[in-house]
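Participant: Can you read through this structure? Questions will come right after.
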Amino acid sequence: MKRRFLLAAVILVLMAAVLSPRAILLPTVEQELQKYVQKEFNAEDVQIALERRGSWSLVLGRVPAVAITIENASVSGLPIDRARLEAVDLRFHPWALFREKEFWYAGSEFLQVSARVTEQGLNEYFKKHVSQVQDLQVDAQGGKLQVRGTLSFLGVPWELGLEGRLEVAGPTTVRVVPTGLMVENAAAPPALVEMLYQFFNFTIDLDQFPFPMEITSIAVDDGGIELVIQEVRE
48 MKRRFLLAAV ILVLMAAVLS PRAILLPTVE QELQKYVQKE FNAEDVQIAL
98 ERRGSWSLVL GRVPAVAITI ENASVSGLPI DRARLEAVDL RFHPWALFRE
148 KEFWYAGSEF LQVSARVTEQ GLNEYFKKHV SQVQDLQVDA QGGKLQVRGT
198 LSFLGVPWEL GLEGRLEVAG PTTVRVVPTG LMVENAAAPP ALVEMLYQFF
248 NFTIDLDQFP FPMEITSIAV DDGGIELVIQ EVRE
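To convert, count from 1 in the sequence shown and add 47; that's the working numbering.
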């Protein structure tokens with residue numbers, strides 16, 4: 048009888064050892080990582096999908112693989128409709144997580160963010176950064192941005208239309224480059240044309256990440272833009 052009890056106790060201990068990381072650590076990591084991403088991306092909704100195998104690695108502060116869905120977020124003032132963050136061998140400080148209930152990111156083997164900005168988000172951003180233009184409307188079509196609005200110059204309102212492209216200007220910056228300008232009056236003063244080019248030739252700096260990142264690609268499609276950003280390994 049004692050042997051049976053001893054065998055049962057050993058089995059229970061082994062089961063607890065196997066299941067405890069998944070039953071205890073995994074929910075804690077998911078919850079605190081969700082809070083961390085939600086705060087860093089100013090996101091309304093964050094969904095975490097951790098790789099379930101290798102749960103014991105969580106004790107050492109390592110996540111083999113994770114995919115995170117982010118919705119209604121904002122980075123450096125740019126509204127993000129949705130994004131997907133994927134990481135391999137994501138590392139964190141376990142003592143901070145388990146003792147202080149706080150997720151401290153410590154690097155990864157690979158981390159990439161794919162994000163989409165809709166026309167609505169572009170309109171919100173442009174209206175803040177080109178406030179001189181009234182009734183501003185931004186459309187994303189045919190690989191280009193098309194901007195319409197009204198600008199008052201020397202007391203005269205001018206209806207304008209502008210086409211532009213986006214290009215990667217630096218590790219975290221995107222430049223808006225005007226490629227064509229139309230004003231309702233062909234006799235628009237050169238000073239007005241120069242002013243418009245200055246207004247719309249600006250950069251979007253996505254530097255508010257908790258780790259060093261670089262923009263690897265940007266594309267304008269119908270209805271918005273797609274960004275791909277990767278972590279820079281130091």
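Each residue gets a CB set at the ideal place from its N, CA and C atoms; glycine is no exception.
Do you know whose CA, among V194, T220 and V93, lies nearest L274's CA?
Facilitator: Sequence index remark: in the sequence shown, residue 274 carries index 227 (1-based). Measuring from the Cα of L274, the nearest candidate turns out to be T220.
Participant: Checking 7 Å against the spacing of the C-beta atoms, do Y172 and L125 come in under that value?
Facilitator: Counting from 1 along the sequence shown, the entry for residue 172 is found at position 125. Counting from 1 along the sequence shown, the entry for residue 125 is found at position 78. For Y172 and L125, yes; Cβs fall inside 7 Å.
Participant: With F139 as the anchor, note down where its beta strand (DSSP E) starts and where it stops.
Facilitator: Residue 139 sits at position 92 when you count from the first residue of the sequence shown. Here the beta strand (DSSP E) through F139 covers L125 to F139.
Participant: Which residue from S178, A187, Q188 and F139 puts its Cα closest to that of L198?
Facilitator: Along the sequence shown, read from residue 1 onward, the residue named residue 198 stands at position 151. Residue S178 is the option with its Cα nearest to L198.
Participant: Provide the residue span of the beta strand (DSSP E) that contains T226, from first to last.
Facilitator: Here the question's residue 226 lines up with position 179 in the sequence shown. Unbroken beta strand (DSSP E) run through T226: T220 to V230.
Participant: Is the region 83-95 in contact with the region 114-121, if contact means three or more CB pairs nearer than 8 Å?
Facilitator: Contact holds: three or more Cβ-Cβ distances are below 8 Å.
Participant: CB-CB under 8 Å to L144, same chain, minus the five flanking residues each way: which ones, in chain order?
Facilitator: If you number the sequence shown from 1, residue 144 lands on position 97. T75, V76, E79, G108, F150 and W151, listed in sequence order.
Participant: Whose CA, out of F247, L137 and I265, lies closest to the CA of L183?
Facilitator: Locating residue 183 in the sequence shown gives position 136, where the first residue counts as 1. Measuring from the Cα of L183, the nearest candidate turns out to be F247.
Participant: Which residues share a DSSP beta bridge with V275?
Facilitator: Here residue 275 refers to the residue found at position 228 of the sequence shown. V275 pairs with S161 and S264.
Participant: Out of P237, P204, S104 and Q193, which one is the CA nearest neighbour of D268?
Facilitator: What you label residue 268 is simply residue 221 of the sequence shown in a count that begins at 1. Of P237, P204, S104 and Q193, the residue nearest in Cα terms is Q193.
Participant: Just to confirm my understanding: we take H176, look at its own chain, exclude 5 residues before and 5 after, and list those with CB closer than 7 Å. What are they?
Facilitator: As a position in the sequence shown, residue 176 is number 129, starting the count at 1. Answer for H176: F249, listed in chain order.
Participant: By the three-class DSSP mapping on this structure, what secondary structure does L97 have?
Facilitator: Here residue 97 refers to the residue found at position 50 when the sequence shown is read from its first residue. Residue state, collapsed to three classes: strand.
Participant: Where does F200 sit, in a helix, a strand or coil, going by DSSP?
Facilitator: Sequence index remark: in the sequence shown, residue 200 carries index 153 (1-based). Of the three classes helix, strand and coil, the one that applies to F200 here is strand, per DSSP.
Participant: Which same chain residues end up closer than 8 Å to G271 when comparing Cβ atoms and leaving out the 5 residues on each side of it in sequence?
Facilitator: Indexing the sequence shown from 1 puts residue 271 at position 224. Contacts found: D128, R163, V164, T165, E166, G168, L169 and A187.
Participant: Name, in chain order, the residues that DSSP records as bridge partners for W151.
Facilitator: The residue labelled residue 151 in the question sits at position 104 within the sequence shown. In DSSP, W151 forms no bridge with anything.
Participant: Are the C-beta atoms of G271 and some chain B residue less than 7 Å apart?
Facilitator: No chain B appears in this structure, which consists of one protein chain only.
Participant: Find the nearest neighbour of L213 within the set V203, T263 and E278, judged by alpha-carbon distance.
Facilitator: Taking the sequence shown and counting its residues from 1, one reaches residue 213 at position 166. Cα-wise, what sits closest to L213 is T263.
Participant: Hey, L209 and L239: beta-carbon distance below 7 Å or not?
Facilitator: Along the sequence shown, read from residue 1 onward, the residue named residue 209 stands at position 162. Along the sequence shown, read from residue 1 onward, the residue named residue 239 stands at position 192. Not in contact: L209 and L239 (Cβ atoms no closer than 7 Å).
Participant: So, at 7 Å on beta carbons, what are the nonlocal neighbours of S123 in its own chain, with the 5 sequence-adjacent residues on each side left out?
Facilitator: Here the question's residue 123 lines up with position 76 in the sequence shown. Excluding residues within five positions, the ones whose Cβ falls inside 7 Å are D252, L253, D254 and Q255.
Participant: Between V65 and the rest of its own chain, which residues show a CB-CB distance below 7 Å, the 5 nearest in sequence each way excluded?
Facilitator: Against the sequence shown, residue 65 aligns to sequence position 18. Note that V65 scores 46 on pLDDT, short of 50, meaning its location in the model is unreliable; the coordinates nonetheless yield the value given after this. There are no such residues.
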